[in-house]
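Engineer:
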Amino acid sequence: MLNIVQVESGQAVEINPDRDKLLTEFGKSTLLDRYLMPGETPQNLFARVASYFSDDAAHAQRIYDYTSRLWFMPSTPILSNGGTDRGLPISCFLNESGDSLQSIVELWNENVWLASRGGGIGSYWGNLRSIGEKVGRNGKTSGVVPFIRVMDSLTLAISQGSLRRGSAACYLPVWHPEIEEFIEIRRPTGGDPNRKALNLHHGVVIPDAFMRAVESGEEWTLKSPKDGVAQSTISARDLWIRILTARVETGEPYLLFIDRVNAQIPQHQKLAGMRVKMSNLCSEITLPTGEDRFGKERTAVCCLSSLNLETYDEWKNIPGIIDDIMRFLDNVLQDFINRAPDTMSKARYSAMRERSVGLGVMGFHTFLQKKRVPLESVSALSWNKKIFSYIREQVNDASKVLAQERGACLDAADFGIE
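The sequence shown maps to residues 2 to 419 in the working numbering.
1) When burial is assigned at 16 or more other CB atoms within 10 Å of the CB, is Pro226 buried or exposed?
2) Spatial neighbours of Ala409 within its chain, please: C-beta separation below 6 Å, excluding the five flanking residues on both sides.
3) What is the C-beta distance between Ala231 and Gly167, in whole angstroms, given that I count them as a contact (C-beta under 8 Å)?
4) If the criterion is Cβ atoms closer than 8 Å, does the pair Thr312 and Leu71 meet it?
5) Among His203, Trp241, Ala273 and Gln268, which residue has its Cα nearest to the Cα of Thr251?
6) Ser104: which of Tyr125, Phe94 and Arg118 sits nearest, CA to CA?
7) If the criterion is Cβ atoms closer than 8 Å, does the pair Ala273 and Asp260 meet it?
8) When we look at the beta-carbon of Lys297 and count the other beta-carbons within 10 Å, is it buried (16 or more) or exposed?
9) Thinking Ile79 and Ala48 are a contact (beta carbons under 8 Å), I'd like their distance in whole angstroms, please.
10) How about Leu257 and Val206: do their beta carbons lie closer than 8 Å?
11) What residue range is occupied by the uninterrupted beta strand (DSSP E) comprising His202?
12) Could you say which of Ser55, Glu107, Ile91 and Ser143 lies nearest to Arg118 if we only look at CA atoms?
13) Which residues does DSSP list as the beta-bridge partners of Val251?
14) Using the three-state DSSP reduction, which class does Ile16 fall into: helix, strand or coil?
15) For Ile235, which beta-bridge partners are listed by DSSP?
16) I think Asn332 touches Phe54, with their Cβ atoms under 8 Å apart; what is that distance to the nearest whole Å?
17) Can you tell me which of Val358, Thr367 and Asp324 puts its alpha carbon nearest to the alpha carbon of Leu406?
18) Using 8 Å as the limit for Cβ to Cβ distance, is Arg63 near chain C?
19) Is Ser351 helix, strand or coil by DSSP?
20) So, using beta-carbon positions, are Tyr350 and Arg299 closer together than 8 Å?
21) Give me, in chain order, the residues of the same chain whose beta-carbon lies closer than 8 Å to that of Leu403; leave out the 5 immediate sequence neighbours on both sides.
22) Given this structure, state the Cα-to-Cα distance separating Phe211 from Ala301, to the nearest angstrom.
23) So the candidates are Thr25, Ser143, Glu97 and Val175; which of them puts its Cα closest to the Cα of Ser69?
24) Taking DSSP's pairing of strands, which residues face Tyr172 in a bridge?
25) Taking DSSP as the reference, what is the three-state secondary structure of Gly162?
26) So, are the CB atoms of Met353 and Leu411 less than 8 Å apart?
27) Expressed to the nearest angstrom, what Euclidean distance is found between the alpha-carbon atoms of Gln335 and Pro342?
28) When you compare only the Cα positions, how much space is there between Ile338 and Met152?
29) Rounding to the nearest angstrom, what Cα-Cα distance links Leu155 and Ser98 in this structure?
30) Hey, quick one: how far does the beta strand (DSSP E) through Val362 stretch, first residue to last?
31) So, using beta-carbon positions, are Asn318 and Cys303 closer together than 8 Å?
32) Per DSSP, what kind of secondary structure is Gly274 in: helix, strand or coil?
33) Quick check: Met74 and Ser357, are their CB atoms within less than 8 Å of each other?
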């Protein structure tokens, strides 16, 4: 029996119902519970997404085949929302607040709309003055924590479609005067319960200078974000131990080594004076946020999918697979740009200027298990380098071809980079 799926404005795709057998029972239950539209099967779902985000019919068929064979899997928002009107295909958003009440309220408002349309959130709060610093003529600031607590409540209140509740992470630099309280913000015991944010994730942004201070046993200066004036000092090692203790006991905060990140950003972003300050909900995306050289605010966008390394031996020699997936992701990003509402104007602007997409992997441990390779062995390290070198090479080639066909992203084109 011939099975054809075609969504409105999409390409016709021939499906193979027998590929449902590749899914585990838990996988089928998850798809039914969270992803499938009424009357839809798993193969219909894969075809819907492939049809909607493809270049043409042949490309749609290949994307369907990669997905249904479990060689590749789009992110949750792409699977759930692709080809429908119930949400947008973006996984996460990254933004930051300035040091003013207006900026703080704008961040809260933006986060409400981002979370309500299916996105996880990462927010940087390191621009805000700490508790007790002067504000206005005679006033003093209440610090970062009360505003983070409001974000905690807002995030908990927002439901992302029918899939999952709103989720967010907050980031603070290790030199911020409130860093000690921030480290403990998710710990349910100790301290003022009104200054806790138990539903948020949190991360500490760490420069190389801090780790050198830890190594040499020096004091670490906590300074005002507004003017850089020292507020207090603390033993770098004591602060580091406190961070590690919180991680052991609660699993967080995330650690983001920011100097390493900014050393690796694309050259055109360096030339534009852009820099990364924080990461996203899962701490794997590193994109610039805040005001750019044109004076416009950016909210970074995470447009994501994953290759499945469990099936690496099945797809590693398939010509053009990564090129196809990168085209797919670029089409997903364009769909977001086209459909994002005005409440997401900062994110839409960022996506339009940068055209950043993320192709990751899953199943590496399972791949090693199938080959009976210990995770911490030299052989595992060799496989790691081999696989990721191959993926990176293919992704770079695909990106260059896309730039030639569709034009370089605006940020790169400004500096003559393709």
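Just so you know, even glycine gets a beta-carbon here, dropped at the ideal spot from N, CA and C.
Structural biologist: For this structure:
1) Pro226 comes out buried.
2) Glu419, listed in sequence order.
3) Going by Cβ atoms, the distance from Ala231 to Gly167 rounds to 37 Å, so no, they are not a contact pair.
4) Contact: yes.
5) Comparing alpha carbon positions, the residue from His203, Trp241, Ala273 and Gln268 closest to Thr251 is His203.
6) Nearest in C-alpha terms to Ser104, of all of Tyr125, Phe94 and Arg118, is Tyr125.
7) No.
8) So Lys297 counts as exposed.
9) Contact flag wrong, Cβ pair sits at about 13 Å.
10) For the pair Leu257 and Val206, the CB atoms are nearer than the 8 Å cut-off.
11) Where His202 is concerned, the enclosing beta strand (DSSP E) starts and stops at His202 to Ile207.
12) When only C-alpha atoms are compared, the closest one is Ile91.
13) The sequence shown places Thr at residue 251, not Val. DSSP lists no partner for Thr251.
14) Of the three classes helix, strand and coil, the one that applies to Ile16 here is strand, per DSSP.
15) Trp221, per the DSSP bridge assignment.
16) Yes, they are in contact, since the Cβ atoms of Asn332 and Phe54 sit about 4 Å apart, within 8 Å.
17) Correcting the residue type first, residue 406 is Glu in the shown sequence and not Leu. Glu406 has its Cα closest to that of Asp324, out of Val358, Thr367 and Asp324.
18) Chain labels in this structure do not include chain C; a single protein chain is all it has.
19) The three-state reading of DSSP puts Ser351 in helix, counting H, G and I together.
20) Against a cut-off of 8 Å, the Cβ pair of Arg299 and Tyr350 comes out as a contact.
21) Met327, Arg328 and Asp331, listed in sequence order.
22) Rounded to the nearest angstrom, the two C-alpha atoms are 26 Å apart.
23) The alpha carbon of Ser69 has as its nearest neighbour, out of Thr25, Ser143, Glu97 and Val175, the alpha carbon of Thr25.
24) Under DSSP, the beta-bridge partners assigned to Tyr172 are Tyr125 and Gly204.
25) Low local confidence applies: a pLDDT of 48 at Gly162 is under 50, so the model's placement there is unreliable, and no value is given.
26) Yes, Cβ-Cβ distance for Met353 and Leu411 is below 8 Å.
27) Approximately 14 Å between the Cα atoms of the pair.
28) Their backbone Cα atoms lie some 26 Å apart in a straight line.
29) Their backbone Cα atoms lie some 15 Å apart in a straight line.
30) Counting along the chain, the unbroken beta strand (DSSP E) around Val362 starts and ends at Gly359 to Met363.
31) In this structure, Asn318 lies away from Cys303, with their beta-carbon atoms at least 8 Å apart.
32) Here Gly274 sits in coil by DSSP.
33) No, the pair does not count as a contact, with Cβ atoms beyond the cut-off.
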